[in-house]
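Engineer: Questions regarding the structure given below will be posed in turn.
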Amino acid sequence: MATNVLVVGGGGREHALCWRLAQSASGGAVFCAPGNAGIARERGVEVVEVDERDHAAVARFCAERDVGLVVVGPEAPLVDGLADTLTANGVPVFGPSKSAARLEGSKAFMKDLCAKYNIPTAEYAKFTDPVEAKEYIKSKGTPIVVKTDGLAAGKGVIVAMNMDDALNAVDDMLTNAVFGSAGNEIVVEEFLDGEEASFFAVVGGGKAVPLASAQDHKRVGDGDVGLNTGGMGAYSPAAVVTREIEDVVMRDIIQPTVDGMAAEGCPFTGVIFAGLMISKDGKVKLLEHNIRFGDPECQVLMARMTSDLTALLLAAAKGELDSAPKPTWSDESAVVVVMAANGYPGSYAKGEKISNLDAADEIEGVKVLHAGTIASESGDVLSAGGRVLGVTAYGASITEAAARAYDGVKTIVWPGGFNRKDIGWRAIAREKSQ
Numbered sequence: 004m005a006t007n008v009l010v011v012g013g014g015g016r017e018h019a020l021c022w023r024l025a026q027s028a029s030g031g032a033v034f035c036a037p038g039n040a041g042i043a044r045e046r047g048v049e050v051v052e053v054d055e056r057d058h059a060a061v062a063r064f065c066a067e068r069d070v071g072l073v074v075v076g077p078e079a080p081l082v083d084g085l086a087d088t089l090t091a092n093g094v095p096v097f098g099p100s101k102s103a104a105r106l107e108g109s110k111a112f113m114k115d116l117c118a119k120y121n122i123p124t125a126e127y128a129k130f131t132d133p134v135e136a137k138e139y140i141k142s143k144g145t146p147i148v149v150k151t152d153g154l155a156a157g158k159g160v161i162v163a164m165n166m167d168d169a170l171n172a173v174d175d176m177l178t179n180a181v182f183g184s185a186g187n188e189i190v191v192e193e194f195l196d197g198e199e200a201s202f203f204a205v206v207g208g209g210k211a212v213p214l215a216s217a218q219d220h221k222r223v224g225d226g227d228v229g230l231n232t233g234g235m236g237a238y239s240p241a242a243v244v245t246r247e248i249e250d251v252v253m254r255d256i257i258q259p260t261v262d263g264m265a266a267e268g269c270p271f272t273g274v275i276f277a278g279l280m281i282s283k284d285g286k287v288k289l290l291e292h293n294i295r296f297g298d299p300e301c302q303v304l305m306a307r308m309t310s311d312l313t314a315l316l317l318a319a320a321k322g323e324l325d326s327a328p329k330p331t332w333s334d335e336s337a338v339v340v341v342m343a344a345n346g347y348p349g350s351y352a353k354g355e356k357i358s359n360l361d362a363a364d365e366i367e368g369v370k371v372l373h374a375g376t377i378a379s380e381s382g383d384v385l386s387a388g389g390r391v392l393g394v395t396a397y398g399a400s401i402t403e404a405a406a407r408a409y410d411g412v413k414t415i416v417w418p419g420g421f422n423r424k425d426i427g428w429r430a431i432a433r434e435k436s437q
């Protein structure tokens, strides 16, 4: 029997999920709230007006439209307890409870869990007092990492390469409340050197199933320079995540996290997104855990997935992963290039017309996924956020996929947008050297 699915969210990650869910053999109708202009145009997907902050309204919608699975895209509704309300109303949810969402909602909780269950991560200390935090930083030296404990839309992490930046980060978070209540407590961490990668596992009923690896580009500028962003592009697979490293991550990081969460009385259901640092000698440490698919990593994962996404996520939600078929992946590579509004991650304009999107979609191997877009009354697509489009492509190699993605970028007409020109550069350099 086909399963009707509601996707909560309206970014690039949710467009990717809707796109793939609509192609699932076991899937029925796909709804999305609040969606965006691209999701509204996606075949087999209906955008609906339901406020995800009104948990009772979401539960009512599920009852009215016979929704058999809710997939919560962003972290905020999960930290707010949406999954608890839906579960109490008998609706299967792919996403953790409010208690389990602390794995991302509180960096201090995550670090303490790692310490208790011997999960390899950077040395750390927690502070609410700025004087104590600064004394600790001075004793450790730089480079050092300063993080808000709570959610800060991916921007509450300062990698301080010098002492002034580190001490200023403490003032911004604890004294000046630049990140609001998210910075009431901070975590100061040892700086880890190596290559970052993203690793994903679907979790339910105490079991974890690995997905594909990816690598994203956090910095706003070419060559990985400038301010941190929510992500300017990504690619999959990540060559640095070998089969041996995948086994180590599942054994030493993912499964101990799943077991530890259960032991703490907050069993986890949903996706665990482990941000990894892999040293030159192949040692792996956990940078952070997130409780949702990465954005823009989700876009390249969904581009490569060849199996039934609805069946997999429903099995996790019901705690039946043992009987679910394992996810399968295309041998092809995928790359996503984010088109952002000029000024991002600072202030930027909204409401700018974007055209030639259909022409970009018609390029072989290209799929344009929308993030911050809305439709005007006349049907034009307008910018409505910082990260606006994710031009996604696949090919026989990262090099070919990136070339196709950039062909798509060049086709789109949006004078108020910009993008990095070097997405996938590490992988492309590897491919050239082989």
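My numbering puts the first residue of the sequence shown at 4, with every later residue one more than the last.
The beta carbon of each residue, even a glycine, is placed where N, CA and C say it ideally should be.
1) In this structure, does DSSP put Asn171 in helix, strand or coil?
2) Which residues in the same chain have their Cβ closer than 7 Å to the Cβ of Ile401, if we skip the five residues on either side of it in sequence?
3) Where do the ends of the beta strand (DSSP E) carrying Gly278 lie?
4) So what's Arg423 in DSSP terms, helix, strand or just coil?
5) Please work out which residues of its chain come closer than 6 Å, Cβ to Cβ, to His18, disregarding the five sequence neighbours upstream and downstream, and give them in chain order.
6) What do you reckon, are the CB atoms on Ile415 and Leu385 nearer than 8 Å?
7) When the Cα of Ala2 is compared with those of Gln302, Ala320, Val96, Gly389, which residue comes out closest?
8) Can you tell me whether Met308 is buried or exposed, with buried defined as 16 or more other CB within 10 angstroms of its CB?
9) Which residue comes first and which comes last in the alpha helix (DSSP H) that contains Ser142?
10) Along the beta strand (DSSP E) that carries Gly12, what are the first and last residues, could you check?
11) Buried or exposed for Glu367, going by 16 or more other Cβ atoms inside 10 Å?
12) Are Ala215 and Leu304 closer than 8 Å when you measure CB to CB?
13) For Pro95 versus Ala320, is the C-beta distance shorter than 8 Å?
14) For His18, does the three-state DSSP call read helix, strand or coil?
15) Is Ala211 closer than 8 Å to Ile248 when the C-beta atoms are compared?
16) How many Å lie between Ser184 and Arg295 at the Cα?
17) Under 8 Å, Cβ to Cβ, is there at least one residue of chain C near Arg307?
18) Pick from Ala125, Gly208, Val205: whose alpha carbon is nearest that of Glu193?
19) Let me check understanding here. Comparing Cα to Cα, which of Gly393, Lys137, Cys117 lies closest to Val261?
20) Mapping DSSP to helix, strand and coil, what is Met308?
21) Hey, would you say Thr245 sits closer than 8 Å to Ile189, going by beta carbons?
22) How is the beta strand (DSSP E) around Val206 delimited, first residue to last?
23) Does Ala163 pass the burial test, meaning 16 or more other C-beta atoms within 10 Å, or should it be called exposed?
24) Starting from Met176, follow the alpha helix (DSSP H) in both directions and report where the run begins and ends.
25) Report the partner residues of Pro37 according to the DSSP bridge assignment.
26) Looking at the strands, I want to know which residues DSSP matches up with Leu72.
27) Which runs of the alpha helix (DSSP H) fall wholly inside the region 323–385 and span at least 4 residues, in chain order?
28) What number of angstroms, rounded off, separates the C-alpha of Gly159 from the C-alpha of Gly233?
29) Do you know how far the Cα of Lys288 is from the Cα of Ile161?
30) In whole angstroms, what separates the C-alpha of Asn422 from that of Ala266?
31) Please tell me whether Gly208 and Glu67 are closer than 8 Å, where the distance is taken between their beta carbons.
32) Can you have a look at Leu230 and say buried or exposed, based on whether 16 or more other CB atoms are within 10 angstroms of its CB?
33) Apart from the five residues on each side of it in sequence, which residues of its chain come closer than 8 Å, Cβ to Cβ, to Ser326?
34) Output the boundary residues of the alpha helix (DSSP H) element that contains Arg433.
35) How would you label Pro348, buried or exposed, when you count the other beta carbons within 10 angstroms and need 16 or more for buried?
36) Could you give the residue range of the alpha helix (DSSP H) that holds Tyr409?
Structural biologist: In short:
1) For the purposes of this step, residue 171 is taken as the residue at position 168 of the sequence shown. When DSSP states are grouped into helix, strand and coil, Asn171 belongs to the helix group.
2) On the sequence shown, residue 401 is found 398 positions in, with the first residue counted as 1. Within the same chain, Ile401 has close Cβ partners Tyr238, Ser336, Val338, Gly427, Ala430, Ile431, Glu434.
3) Taking the sequence shown and counting its residues from 1, the one referred to as residue 278 is at position 275. Per DSSP, Gly278 is one residue of the beta strand (DSSP E) stretching across 273–281.
4) Residue numbering aside, residue 423 sits at position 420 when the sequence shown is read from its first letter. Residue state, collapsed to three classes: coil.
5) Start at 1 with the first residue of the sequence shown, and residue 18 comes out as number 15. So the qualifying residues of the chain are Gly41, Ile42, Leu372, His373.
6) Your numbering for residue 415 matches position 412 in the sequence shown. Your numbering for residue 385 matches position 382 in the sequence shown. Result no, Cβ atoms of Ile415 and Leu385 do not sit closer than 8 Å.
7) Residue 2 cannot be examined here, being either before or after the span of the chain that is shown, 4 to 437.
8) Here the question's residue 308 lines up with position 305 in the sequence shown. Buried, since its Cβ has 16 or more Cβ neighbours within 10 Å.
9) To locate residue 142, count along the sequence shown from 1; it is residue 139. DSSP places Ser142 in the uninterrupted alpha helix (DSSP H) bounded by 133–143.
10) What you label residue 12 is simply residue 9 of the sequence shown in a count that begins at 1. Element bounds for Gly12: 6–12.
11) Counted from its first residue, the sequence shown places residue 367 at position 364. By the neighbour-count rule (16 or more Cβ atoms within 10 Å), Glu367 is not buried but exposed.
12) Against the sequence shown, residue 215 aligns to sequence position 212. Against the sequence shown, residue 304 aligns to sequence position 301. In this structure, Leu304 lies closer than 8 Å to Ala215 by Cβ.
13) Here residue 95 is taken as the residue at index 92 of the sequence shown, counted from 1. Here residue 320 is taken as the residue at index 317 of the sequence shown, counted from 1. A contact, by the Cβ cut-off of 8 Å.
14) The residue you call residue 18 lines up with position 15 of the sequence shown. Secondary structure of His18 (DSSP, three-state): helix.
15) Within the sequence shown, residue 248 is the residue found at index 245, counting from 1. Within the sequence shown, residue 211 is the residue found at index 208, counting from 1. No, Cβ-Cβ distance for Ile248 and Ala211 is not below 8 Å.
16) Locating residue 184 in the sequence shown gives position 181, counting from the first residue. Locating residue 295 in the sequence shown gives position 292, counting from the first residue. Approximately 22 Å between the Cα atoms of the pair.
17) Of the chains in the structure shown, none is chain C; there is only one protein chain.
18) Within the sequence shown, numbered from 1, the residue matching residue 193 stands at position 190. Measuring C-alpha to C-alpha distances from Glu193 to each of Ala125, Gly208, Val205 identifies Ala125 as the nearest.
19) Position 258 of the sequence shown, counted from the first residue, corresponds to residue 261. A check of alpha carbon separations from Val261 across Gly393, Lys137, Cys117 identifies Cys117 as the nearest.
20) Locating residue 308 in the sequence shown gives position 305, where the first residue counts as 1. In this structure, Met308 counts as strand in the three-state DSSP scheme.
21) Here residue 245 corresponds to residue number 242 of the sequence shown, with the count starting at 1. Here residue 189 corresponds to residue number 186 of the sequence shown, with the count starting at 1. For the 8 Å CB-CB criterion, Thr245 and Ile189 do not form a contact.
22) Locating residue 206 in the sequence shown gives position 203, where the first residue counts as 1. Element bounds for Val206: 198–207.
23) For the purposes of this step, residue 163 is taken as the residue at position 160 of the sequence shown. Around the beta-carbon of Ala163, 16 or more other beta-carbon atoms lie within 10 Å, marking it buried.
24) Residue mapping note: residue 176 aligns to position 173 of the sequence shown, counting from 1. Annotation: Met176 is outside any alpha helix (DSSP H) and is labelled neither H nor E by DSSP.
25) Taking the first residue of the sequence shown as position 1, residue 37 is located at position 34. Looking at the DSSP assignment, Pro37 forms a beta bridge with Gly12.
26) As a working note, residue 72 is residue 69 in the sequence shown. Leu72 pairs with Val8.
27) Entirely contained in the region 323–385, the alpha helix (DSSP H) runs reaching 4 residues are, in chain order, 360–364.
28) For this step, residue 159 is matched to residue 156 along the sequence shown. For this step, residue 233 is matched to residue 230 along the sequence shown. Their Cα atoms are separated by approximately 11 Å.
29) Numbered from 1 along the sequence shown, position 158 holds the residue referred to as residue 161. Numbered from 1 along the sequence shown, position 285 holds the residue referred to as residue 288. Those two C-alpha atoms are separated by around 18 Å.
30) One-based indexing of the sequence shown puts residue 422 at position 419. One-based indexing of the sequence shown puts residue 266 at position 263. Asn422 and Ala266: Cα-Cα distance of roughly 44 Å.
31) Taking the sequence shown and counting its residues from 1, the one referred to as residue 208 is at position 205. Taking the sequence shown and counting its residues from 1, the one referred to as residue 67 is at position 64. In this structure, Gly208 sits away from Glu67, with a CB-CB distance that is not shorter than 8 Å.
32) Mapped onto the sequence shown, residue 230 falls at position 227. Under this definition Leu230 is an exposed residue.
33) The sequence position of residue 326 within the sequence shown is 323, counting from 1. Answer for Ser326: Ala318, listed in chain order.
34) Counted from its first residue, the sequence shown places residue 433 at position 430. Start and end: 428–436.
35) Indexing the sequence shown from 1 puts residue 348 at position 345. Pro348 is classed as buried because its beta carbon has at least 16 other beta carbons within 10 Å across all chains shown.
36) Here residue 409 refers to the residue found at position 406 when the sequence shown is read from its first residue. Tyr409: member of the alpha helix (DSSP H) spanning 401–414, first to last residue.
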